[in-house]
Amino acid sequence: MSEQNNNFEEFYGYKFEELSVGQSAVYARTVTEADILMFAGVSGDYNPVHINEELAASTMFGGRIAHGMLSAGFISTVLGTKLPGPGAIYLAQTLKFKAPVKIGDTVVARCTIKELTPEKRKAKFDTVCTVRGKVVLEGEADIMVPAR
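With the sequence shown counted from 1, adding 25 to any position gets you my numbering.
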């Protein structure tokens, strides 16, 4: 019987000491009908503008739109899986929704380090989601990052 290895170091992302201002990472996903329906199911947000084509067509959007928080979730994907990655702790996030995302749109979420606070191991990120180069969501995130 082999000893169990409880060293999960290999599962973690960047350490604070490996970060630098200007560093960035991206995640891109084309939003599908299934994404919107699954997000509605998980979140409980069945606002008709997301799931009722006839009603949504009568709105200023001219059709169904994805939940804004679905795009915000792609920011979480970048921060939690790429930069800084696993082990990072999400502390705060601001969001400004600038334009709608529709089924078939490819959302590109980009997170860029704008400030590092070594004494607290905190990183501040600019967070932006775009569709075809147009900003659909922007904000800032505060993340605590493990030390070496």
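All C-beta atoms, glycine included, are put in the ideal place defined by N, C-alpha and C.
* Asked: When the Cα of R54 is compared with those of R173, V133, E165, K139, which residue comes out closest?
  -> Looking up residue 54 in the sequence shown gives position 29. For R54, the closest C-alpha among the options R173, V133, E165, K139 is that of V133.
Q) Rounded to a whole number of angstroms, what is the C-alpha to C-alpha distance between K123 and A148? A) In the sequence shown, counting from the first residue as 1, residue 123 sits at position 98. In the sequence shown, counting from the first residue as 1, residue 148 sits at position 123. Rounded to the nearest angstrom, the two C-alpha atoms are 24 Å apart.
- Task: Could you round the C-beta distance between V103 and C136 to whole angstroms and report it? I think they count as a contact, below 8 Å.
- Result: Taking the first residue of the sequence shown as 1, we reach residue 103 at position 78. Taking the first residue of the sequence shown as 1, we reach residue 136 at position 111. Their Cβ separation, rounded to whole angstroms, is 4 Å, which keeps V103 and C136 in contact under 8 Å.
**Prompt:** In the segment 35-91, which residue ranges form an unbroken beta strand (DSSP E) of at least 3 residues, counting only runs that do not cross its ends?
**Reply:** The segment 35-91 contains these whole beta strand (DSSP E) runs: 49-55.
Fill in: I100 in three-state terms, based on DSSP
As a working mapping, residue 100 is identified with position 75 in the sequence shown. Judged by DSSP in its simplified three-state form, I100 adopts helix.
Cβ-Cβ distance between V74 and D130 below 8 Å:
Translated into the one-based positions of the sequence shown, residue 74 becomes position 49. Translated into the one-based positions of the sequence shown, residue 130 becomes position 105. Cβ atoms of V74 and D130: not closer than 8 Å.
_Bridge partners - K149, DSSP secondary structure assignment_ = Taking the first residue of the sequence shown as 1, we reach residue 149 at position 124. Paired residues: E140, D167.
Using beta-carbon positions only, say whether S49 and L108 come within less than 8 Å of one another.
-> Counting from one through the sequence shown, the residue named residue 49 turns up at place 24. Counting from one through the sequence shown, the residue named residue 108 turns up at place 83. Yes.
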